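The sequence shown runs 57 to 295 under this note's numbering.
Idealized CB from N, CA, C, for every residue including glycine.
Treat the numbers as computed from the prediction; the structure is a model and nothing was measured.
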Amino acid sequence: MSFLNVPLHDASVTGVRMDPVRELLQLELALHTCEKVRVDFSSACQWSLSRFERQNVLLDIHEWKASNVATAERCRDLGLDEFWTRMVLTDRYTLYEVAPSVGFGGWVLARGAEVIRAAPETAFAPAPDVFDFMEGFRKRPGMFVGFDDSQRVEQLRGLELLLHGYSSALRAHGVPEAGFGFVMDFANYLQETRGWSACCGPVAMIVKAAGRKHDVWVLFWKLVDEFRESLARPNPLPE
């Protein structure tokens with residue numbers, strides 16, 4: 057079953073909102089296909105939808121107009137009084153019957169209805185940020201490998217490989233990287249600001265510069281913070 061070409065069978069009512077300024081009643085739905093839609097009832101003047109706080113699975117939305125010979129009887133069945141029944145029968149309002157899969161339904165009196173389809177999740181989902189992703193490693197260095205200095209260095213090497221692989225995967229799927237080309241960019245930054253050879257990855261560069269494994273973890277994150285701050289400046293590289 058469909059309403060305005062939208063299949064509503066087994067759709068879940070996720071919200072009922074009223075915009076009194078625009079006289080707009082909004083019925084928010086999650087379809088069985090997981091698509092999110094909203095039904096906007098324009099110039100809504102009367103409605104009975106409180107039962108959907110308890111039973112929120114739809115069967116359909118039926119449209120009752122003056123041209124339908126059964127409309128008067130349906131108005132009586134749904135409990136509309138004489139005044140509002142006359143408004144429907146003179147075509148000044150339309151009665152929209154919101155029918156649930158089980159139990160009692162509800163209704164809306166409005167001048168019109170429109171279905172608004174939500175944009176796909178991928179269209180407005182925030183792009184991943186490499187620095188936010190890396191914070192999990194900084195804050196929990198012992199979650200996977202303990203606190204041994206040698207193991208911390210290995211964890212940083214593993215992080216470098218993970219970021220490089222993730223960047224390649226994002227590119228292959230056409231997803232915005234949001235900085236996941238981090239490995240090469242960070243290595244280039246270290247070469248230009250420190251003069252270190254970029255023939256290897258940034259972790260190897262920092263291990264060589266630190267001299268002691270004990271200093272690698274602290275130095276790595278210090279340079280990451282420095283690199284991040286440089287990206288926010290108009291001229292990312294120092295004079």
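With a cutoff of 7 Å on beta-carbon distance, Leu165 and Cys101 are scored as near each other. Annotation for Val93: Val62, Leu85, Leu87, Val171, Ile172, Arg173, Ala174 place their beta carbon closer than 7 Å to its own, counting only its chain and skipping 5 residues before and after. The DSSP-derived three-state label of Leu114 is strand. Within the DSSP bridge table, the entry for Ser68 names Ala86, Val113 as partners. For Pro76, the number of other beta carbons within 10 angstroms of its own is below 16, and it is reported as exposed. If you check the CB distance, Arg167 and Ser99 come in under 7 Å. In this chain, the alpha helix (DSSP H) harbouring Gly192 covers 186–195. Tyr152 sits in a strand when the DSSP states are folded into three classes. Between the C-alpha atoms of Gly71 and Glu129 there is a straight-line separation of about 29 Å.
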